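There are 2 protein chains.
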Amino acid sequence: MRDRISPARRPGYSVDTVLLTPVGRHLAVLLVRAPEGSGERWVVPWGLPKAHDAALSDTGARIARSALATAPSWMHQVGAFSDGRRHPSDADLTIGFVGTVPLGAHVAPGEDSAWFPIIELPPLSPRQRAIIDSSVALLRVKADSAPVAFRLLPSTFTLSDLQRVYEMLLGQRLHKASFRRALQAATLVEPTEEWRSEGRGRPAQLFKYAPRRRRRARRGLRFDQVHAW
Amino acid sequence: MRDRISPARRPGYSVDTVLLTPVGRHLAVLLVRAPEGSGERWVVPWGLPKAHDAALSDTGARIARSALATAPSWMHQVGAFSDGRRHPSDADLTIGFVGTVPLGAHVAPGEDSAWFPIIELPPLSPRQRAIIDSSVALLRVKADSAPVAFRLLPSTFTLSDLQRVYEMLLGQRLHKASFRRALQAATLVEPTEEWRSEGRGRPAQLFKYAPRRRRRARRGLRFDQVHAW
DNA sequence: TCAATAGTGTCTGTTAGACATTATGGA
DNA sequence: TCCATAATGTCTAACAGACACTATTGA
Numbered sequence: 001m002r003d004r005i006s007p008a009r010r011p012g013y014s015v016d017t018v019l020l021t022p023v024g025r026h027l028a029v030l031l032v033r034a035p036e037g038s039g040e041r042w043v044v045p046w047g048l049p050k051a052h053d054a055a056l057s058d059t060g061a062r063i064a065r066s067a068l069a070t071a072p073s074w075m076h077q078v079g080a081f082s083d084g085r086r087h088p089s090d091a092d093l094t095i096g097f098v099g100t101v102p103l104g105a106h107v108a109p110g111e112d113s114a115w116f117p118i119i120e121l122p123p124l125s126p127r128q129r130a131i132i133d134s135s136v137a138l139l140r141v142k143a144d145s146a147p148v149a150f151r152l153l154p155s156t157f158t159l160s161d162l163q164r165v166y167e168m169l170l171g172q173r174l175h176k177a178s179f180r181r182a183l184q185a186a187t188l189v190e191p192t193e194e195w196r197s198e199g200r201g202r203p204a205q206l207f208k209y210a211p212r213r214r215r216r217a218r219r220g221l222r223f224d225q226v227h228a229w
Numbered sequence: 230m231r232d233r234i235s236p237a238r239r240p241g242y243s244v245d246t247v248l249l250t251p252v253g254r255h256l257a258v259l260l261v262r263a264p265e266g267s268g269e270r271w272v273v274p275w276g277l278p279k280a281h282d283a284a285l286s287d288t289g290a291r292i293a294r295s296a297l298a299t300a301p302s303w304m305h306q307v308g309a310f311s312d313g314r315r316h317p318s319d320a321d322l323t324i325g326f327v328g329t330v331p332l333g334a335h336v337a338p339g340e341d342s343a344w345f346p347i348i349e350l351p352p353l354s355p356r357q358r359a360i361i362d363s364s365v366a367l368l369r370v371k372a373d374s375a376p377v378a379f380r381l382l383p384s385t386f387t388l389s390d391l392q393r394v395y396e397m398l399l400g401q402r403l404h405k406a407s408f409r410r411a412l413q414a415a416t417l418v419e420p421t422e423e424w425r426s427e428g429r430g431r432p433a434q435l436f437k438y439a440p441r442r443r444r445r446a447r448r449g450l451r452f453d454q455v456h457a458w
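As structure tokens, then:
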């Protein structure tokens, strides 16, 4: 029993955008306040396709820009979702997108939106919850196949910033010396002339993303990870 | 009510199933003959959702079973596709699924369907081509995070079979001794009492998939892979 | 001065890849 | 017999992780 809206008027599909940015040691997702009496108090920014959206990604980008007042640094489709009963839209089908916002680049969200660490999400509709989970999983998968980590950082950053981003993407702490050695070997970053001092401790040199050469194939073979499907 | 497609309205979305099985040293995809005059001669098995499909995956599973005359050993959604002009259906939107068929488990396809190695695909609609490419990419990503490789093999197999499957998923040749050492460490397989002789050479022992314990976290960190988005 | 963070050098156990060797069948 | 494939043992260079140490700031 879905909402009593004339079936002919029911939208074909809706689009959700899961926007992620680093906050502290965790990823955070942008949620917007839901209208009163809609079941949940917070929802993922969503919308419906419009005639001038040539591609699916145009719809996602439009919704993201509207929620952020700026464009995300990266977006990717997560998939189509139909299970789970409630969704803010009445659509049977929702296409999910994940987007990134660089560290510190988000304007302070107003009263109608807020960044929630993914380990402390408020109650959400089952479908939106599933889309968020898939979005984080996708970002984590992309972390070691493409430098999506740098989309979560501004154009210059400290190596400690970068390590924290990798740690939140990989979900585990990393060894500092090993991290920097691997980074050196990968020639992904270049130092700048700038330094940044934050509170106590020695100031850190700022680096920029500057991939120089293709890495050679990974050494070896792994039968790792969970066995779950 | 979704199955009642009024003639005036185009269907909301179609579902494509990309079914993959090992053939020789490459993955092959099942294609079915297209009706005369439809633009292409071969198409990926596809269909439209029906009322009794509770979830998206039900539609995909139904289409796959119909094309195979059996159920695939594994299925996963690939995503939603809308770009590319032509598609066998008239739908603006296509949800793609990828499925696996174990080595040798496919019945000889009749005149109306055939397995094509993914390196020698016939002309296809742009959208279906994109869905195939994404399906293969998804399977390759899953190869080292879950033992999807075993879904491409029958219940017992030789270690050379397994290595060939990993090679087609990873897209590179592997070192035999290293492969077996890593496999041993992963405790993913157990030997059976059976042996199989194929042509010349020493007969190979048959193994079965029997994961015994969780692997410990991967050692180290990689900044590998391509930098392309 | 102490505390905190940045950054680097060295050592060691692990291991991926190379190579060699034996085993066992078919042609 | 020759050849092809299976299966395994050994060696070595590479390297992840541990540890220690210096450097440089703010409190």
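As you go down the protein sequences, you meet chains D and S in turn.
Letter by letter, the first sequence follows residues 1 to 229 in the numbering used here.
Letter by letter, the second sequence follows residues 230 to 458 in the numbering used here.
Positions of the beta carbon are idealized from the N, C-alpha and C atoms, including for glycine.
No experiment lies behind these values; they were computed from the predicted model shown.
Margin query: Tell me the rounded alpha-carbon separation between Ala366/S and Ser14/D.
Written below: 26 Å
Note to self: Using beta carbons (cut-off 8 Å, strictly below), is Ser82/D in contact with chain S?
What the structure shows: yes
Notebook entry, point to check: Asp161/D lies in the alpha helix (DSSP H); which residues open and close that run?
Noted result: Where Asp161/D is concerned, the enclosing alpha helix (DSSP H) stretches over Leu159 to Leu170.
Next item on the list: Indicate the three-state DSSP secondary structure (helix, strand or coil) for Ala343/S in the structure shown.
Entry: Residue state, collapsed to three classes: strand.
Checklist line | Status (buried if at least 16 other CB within 10 Å, exposed otherwise) for Trp424/S | finding: exposed
Next item on the list: Please confirm if Leu19/D has its CB atom under 8 Å from at least one CB of chain S.
Entry: no
Check: Name the chain D residues whose beta carbon is nearer than 7 Å to that of Arg284/S?
Finding: The residue you asked about is not Arg; residue 284/S is Ala in the sequence shown. Ser82 and Asp83, listed in chain order.
Next item on the list: Return the residue from the list Arg181/D, Leu188/D and Ala130/D that minimises the CA-CA distance to Val78/D.
Entry: Out of Arg181/D, Leu188/D and Ala130/D, Ala130/D has the C-alpha closest to the C-alpha of Val78/D.
Margin query: Please state the DSSP three-state secondary structure of Pro355/S.
Written below: helix
Notebook entry, point to check: When we look at the beta-carbon of Val327/S and count the other beta-carbons within 10 Å, is it buried (16 or more) or exposed?
Noted result: buried
Note to self: If contacts are defined as beta-carbon pairs under 8 Å, then Pro211/D and Pro147/D qualify, I think. What distance do you get, rounded to the angstrom?
What the structure shows: 7 Å
Notebook entry, point to check: Can we say the segment 148-166 of chain D touches the segment 112-127 of chain D, given the rule of at least three CB pairs closer than 8 Å?
Noted result: no
Check: Name the chain S residues that come within less than 7 Å of Ile95/D, Cβ to Cβ?
Finding: Ala309
Next item on the list: Kindly confirm or deny that the segment 282-297 of chain S and the segment 23-34 of chain D touch, where touching means at least three C-beta pairs closer than 8 Å.
Entry: Taking one beta carbon from each stretch, the segment 282-297 of chain S and the segment 23-34 of chain D have fewer than 3 pairs nearer than 8 Å; the two do not touch.
Margin query: Can you tell me where the alpha helix (DSSP H) holding Thr323/S begins and where it ends?
Written below: Run containing Thr323/S: none in the alpha helix (DSSP H); it sits in the beta strand (DSSP E), Thr323 to Thr329.
Item checked: Option nearest Thr232/D by Cα separation, candidates Leu68/D, Arg127/D and Asp90/D -> Nothing can be reported for residue 232/D: it is not among the residues displayed for chain D, which extend from 1 to 229.
Checklist line | Pairwise C-alpha distance: Trp42/D and Gln128/D | finding: 10 Å
Next item on the list: Count the other CB atoms, across all protein chains shown, that sit within 10 Å of the CB of Trp229/D; report buried if there are 16 or more and exposed otherwise.
Entry: Only weak support is given to the placement of Trp229/D: the predicted model assigns it a pLDDT of 31, under 50, and the value that follows is read from those uncertain coordinates. Within a 10 Å sphere around the beta-carbon of Trp229/D sit fewer than 16 other beta-carbons, which makes this residue exposed.
Notebook entry, point to check: What are the residues of the segment 57-77 of chain D that lie near chain S, defined by any Cβ-Cβ distance shorter than 7 Å?
Noted result: Gln77
Margin query: For Ala293/S, which residues in the same chain have their Cβ closer than 8 Å to its Cβ, ignoring the five residues on either side in sequence?
Written below: Thr246, Leu248, Pro274, Ala300, Pro301, Met304, Phe326 and Gly328
Next item on the list: Find the residues of chain D that neighbour Gly253/S, judging by a C-beta separation of less than 8 Å, and give them in chain order.
Entry: Those do not exist, as Gly253/S stays about 22 Å from chain D at its closest Cβ, beyond 8 Å.
Check: With DSSP run on the structure shown, which of helix, strand or coil describes Lys208/D?
Finding: strand
Margin query: Looking at the strands, I want to know which residues DSSP matches up with Asp245/S.
Written below: According to DSSP, Asp245/S bridges with Trp275/S and Gly325/S.
Notebook entry, point to check: Can you find a CB in chain D that lies within less than 8 Å of the CB of Gly339/S?
Noted result: no
Next item on the list: Using a Cβ-Cβ cut-off of 8 Å, state whether Gly241/S counts as contacting chain D.
Entry: yes
Next item on the list: Tell me whether Ala298/S sits in a helix, a strand or coil according to DSSP, three-state version.
Entry: coil
Item checked: Thr421/S (DSSP reduced to helix, strand or coil) -> Reduced to three states, the DSSP call for Thr421/S is strand.
Next item on the list: Assign Thr288/S to one of three DSSP states: helix, strand, or coil.
Entry: helix
Check: Among all the DSSP beta bridges, which residues are the ones paired with Thr187/D?
Finding: Note: Thr187/D sits in no beta bridge, so no partner.
Next item on the list: Determine the direct distance from the alpha carbon of Arg180/D to that of Val250/D, and round the result to whole angstroms.
Entry: Nothing about residue 250/D can be read from this structure; chain D reaches only from 1 to 229.
Notebook entry, point to check: Can the beta-carbon of Leu103/D be found less than 8 Å from the beta-carbon of Leu153/D?
Noted result: yes
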